[in-house]
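**Student:** Can you keep this structure in mind? I'll have questions shortly.
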Amino acid sequence: MFILAVALVLPIDAAFMPVFSIAGASPSLAGILAAFVSLNASRRAAWWGCFLMGLLVDLSSPQLVMGSLLFLPGPNTLGFALGSGTVTVMRSLLLRRSMLTVAAMTFVLLLAVSLIWVFIWSVRGIWLDGSVPFSGSALQELGKRMGWCLSSAVVGLPIGWALNRTYSWWGFPGVGPRKF
Amino acid sequence: MVARGPDQPSRLYLACLFLTAACSFLPSARVTPWTTDVAAVLWLPLTPPAHALMVLRHWLRPPRDESKYLDSQLLSDERDRFRALWHSERIRSDELEQRLTQIERAKKMDRGGREVAPLLASVTARGEGPGERMLALNAGKREGVQNGDPAVVGGDVLVGRVVGEPTDVRCWLAPLTDPSTGRVNAYIAPADRPEAGPAESILIQLRNDSSGNLVGEIEAIHQISQGDIVRLADPTWKAAAQGMRMGKVVGIHRSDKNPMRLRVEVKAEVDSDQLRQVTLKIDAGAVP
């Protein structure tokens, strides 16, 4: 189920989600799916799933570095891994099967992704590549990415509701019929 | 040895994280060859659904002025070709005047004399993240696309250029406003004389800023106004891109650092978010 969902989400993110974009920030379904899985799957499965999803996102988003395209495995991979780790730590305090929770955790997860992404590319820019794949300062890029996190969280409300409807299909370990 | 509990990450997972972190800080030359191949293999099955979704997206949210971007018409392509040729020739002739020797002049003639063939390509995907991102096009080496080929819409509105080595069926386009485009030389033609050449215009070097516009500085003695046309005149871009329209002047302010200079803000004419198709201007000689 997870593999199928990832195979659906990646092309949708790349090709279709800009239809919902506001001021250039198009929501990330991958982030919403990662938050949903991190909320409900066993910890190890969630970590591995998000790691894999981040890796696939990295391999679908090239950056131009010193004149050549660079698909760098790392910024999103580690970001999704950190985000998933954060959500799995917080989830015991949350009502997992609420769409509000999915939306809020999407924001948290993508915030972690943004922090790691900006950090890695900034470090590479200083020590390796001599330039960064964003204009302005790292803080300005983080500001832009906050808009991206926010728009993803907003879209996470209906998608989270829909994903919660499919809860029984995923084979998550039982957590009881908690529902908001 | 103590076994790790189900709530602790496995050693394999930690090793993968460590390996990925190490990869993140490897020099680009060590990462580029294999990740490009892996990404191409990964995207091979995903390209058809992505293309279908892109068509659906443009059906749901069409570009603001569809008629402006109808590149498929033969007329538009012809106009595109002749405008490119005209602007390119004008810039080349200006450069030629400055050359001192016959040999250098001959070299310049070789550079500008290439025939350009238009190639329509559809946008099939975009990179992840906010703001300007690279666009994946469904055209590649098989059609003769090469690194650096410029992409235009609406005849002579420059979108960006192909970056990296294209695969047989796919290439990536960096929009003008993408930070990776770096500094670009251009000239500002008055709004009432948009066809003015670089010799009678104001030269400027533009770069991206965080607001998504292109910015540059000129000396304060120059007279420019909002709405003036900005055209490319950068020798690092292919001849087919020379003289193409990049955008319009939208802001003119005194430079904070140097009051004798003006800071000029240029807004790109194309919103890459809204693009469905572009015309790639490829070397006619490269077409198989």
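Chains as they are written, first to last, in this note's numbering: chain A, 1 to 180; chain B, 181 to 468. The beta carbon of each residue, even a glycine, is placed where N, CA and C say it ideally should be.
For B:Pro189, which residues from the same chain have a beta carbon less than 7 Å from its beta carbon, with the 5 sequence-adjacent residues on both sides left out?
**Tutor:** Once the five neighbours on either side are set aside, B:Pro189 has no close Cβ partner at all.
**Student:** Quick check on A:Arg91 - is its C-beta less than 8 Å from some C-beta in chain B?
**Tutor:** With 8 Å as the cut-off, A:Arg91 does not count as an interface residue toward chain B.
**Student:** Which word fits B:Gly324, buried or exposed, when buried means at least 16 other C-beta atoms lie within 10 angstroms of its C-beta?
**Tutor:** Flag for B:Gly324 reads buried.
**Student:** Let's see if you can read the secondary structure: which residues bound the beta strand (DSSP E) around B:Ala230?
**Tutor:** Premise fails: B:Ala230 lies in the alpha helix (DSSP H), Ser208 to Leu240, not in any beta strand (DSSP E).
**Student:** Is B:Lys437 buried or exposed, if buried means 16 or more other CB atoms sit within 10 Å of its CB?
**Tutor:** Exposed, because fewer than 16 other Cβ atoms sit within 10 Å of the Cβ of B:Lys437.
**Student:** Check each residue of the segment 14–34 of chain A: if its Cβ is closer than 9 Å to any Cβ of chain B, include it; give the result in chain order.
**Tutor:** Result list: Ala14, Ala15, Phe16, Met17, Pro18, Val19, Phe20, Ser21, Ala23, Gly24, Ala25, Ser26, Ser28 and Ala30.
**Student:** Please say whether B:Ala331 and B:Val343 have beta carbons closer to each other than 8 Å?
**Tutor:** No, these two residues do not count as a Cβ contact at 8 Å.
**Student:** At a Cβ threshold of 8 Å, is B:Trp417 touching chain A?
**Tutor:** With 8 Å as the cut-off, B:Trp417 does not count as an interface residue toward chain A.
**Student:** Helix, strand or coil, according to DSSP, for B:Val450 in the structure here?
**Tutor:** DSSP places B:Val450 in coil when its eight states are reduced to three.
**Student:** From A:Ala34 to A:Phe80, what distance separates their C-alpha atoms?
**Tutor:** Their backbone Cα atoms lie some 8 Å apart in a straight line.
**Student:** Do you know how far the Cα of B:Lys321 is from the Cα of B:Pro468?
**Tutor:** In a straight line, the C-alpha of B:Pro468 is about 9 Å away from that of B:Lys321.
**Student:** Closer than 8 Å, CB to CB, is B:Thr304 near chain A or not?
**Tutor:** Cβ-Cβ to chain A under 8 Å: yes for B:Thr304.
**Student:** Please say whether A:Gly143 and A:Phe36 have beta carbons closer to each other than 8 Å?
**Tutor:** Cβ atoms of A:Phe36 and A:Gly143: not closer than 8 Å.
**Student:** Are the segment 399–413 of chain B and the segment 355–368 of chain B in contact at 8 Å, needing three or more beta carbon pairs?
**Tutor:** Contact holds: three or more Cβ-Cβ distances are below 8 Å.
**Student:** Beta strand (DSSP E) containing B:Asp463: first to last residue?
**Tutor:** Residues Gln457 to Asp463.
**Student:** Report the CB separation of A:Cys149 from A:Phe107 in whole angstroms; it is logged as a contact under 8 Å.
**Tutor:** Rounded, the Cβ-Cβ distance is 5 Å, consistent with contact.
**Student:** Residues in its own chain within less than 8 Å of A:Tyr167 by CB, not counting five upstream and five downstream?
**Tutor:** Asn40 and Arg97.
**Student:** Looking only at DSSP bridge pairs, what is B:Leu394 linked to?
**Tutor:** According to DSSP, which records beta bridges pairwise, B:Leu394 is partnered with B:Asn388 and B:Val446.
**Student:** Hey, does B:Asp348 have any beta-carbon neighbour from chain C nearer than 8 Å?
**Tutor:** Absent from the structure is chain C; the protein chains it does hold are A and B.
**Student:** Which partner residues does B:Trp352 have in the DSSP bridge list?
**Tutor:** DSSP, once it has assigned bridges, lists B:Ala316 and B:Val343 as partnering B:Trp352.
**Student:** Give me the chain B residues within the contact set of A:Val87, using Cβ-Cβ distance strictly less than 8 Å, ordered along the chain.
**Tutor:** Simply none; closest approach about 14 Å.
**Student:** Measuring alpha carbon to alpha carbon, tell me which residue in A:Gly54, A:Pro11 and A:Ser21 is nearest B:Leu197.
**Tutor:** Among A:Gly54, A:Pro11 and A:Ser21, the Cα nearest to that of B:Leu197 belongs to A:Gly54.
**Student:** Which residues mark the beginning and the end of the alpha helix (DSSP H) in which B:Gln422 is found?
**Tutor:** Note, B:Gln422: premise wrong, no alpha helix (DSSP H); not H, not E.
**Student:** Would A:Ile12 count as contacting chain B if we go by Cβ distances under 8 Å?
**Tutor:** Yes, because at least one Cβ of chain B sits closer than 8 Å to the Cβ of A:Ile12.
**Student:** May I ask you to list, following chain order, the residues of the segment 317–344 of chain B that have a beta carbon less than 9 Å from some beta carbon of chain A?
**Tutor:** Answer set for the segment 317–344 of chain B: Asn327, Val343 and Gly344.
**Student:** For A:Trp47, does the count of other Cβ atoms within 10 angstroms reach 16, so buried, or fall short, so exposed?
**Tutor:** That one is buried.
**Student:** When burial is assigned at 16 or more other CB atoms within 10 Å of the CB, is A:Ser114 buried or exposed?
**Tutor:** Burial call: buried.
**Student:** Which value, in whole angstroms, describes the spacing of the CA atoms of A:Gly171 and A:Gly156?
**Tutor:** Cα to Cα, the separation comes out at about 21 Å.
**Student:** Comparing C-alpha positions only, which one of B:Asn388, B:His433 and B:Gln385 sits nearest to B:Gln403?
**Tutor:** Out of B:Asn388, B:His433 and B:Gln385, B:His433 has the C-alpha closest to the C-alpha of B:Gln403.
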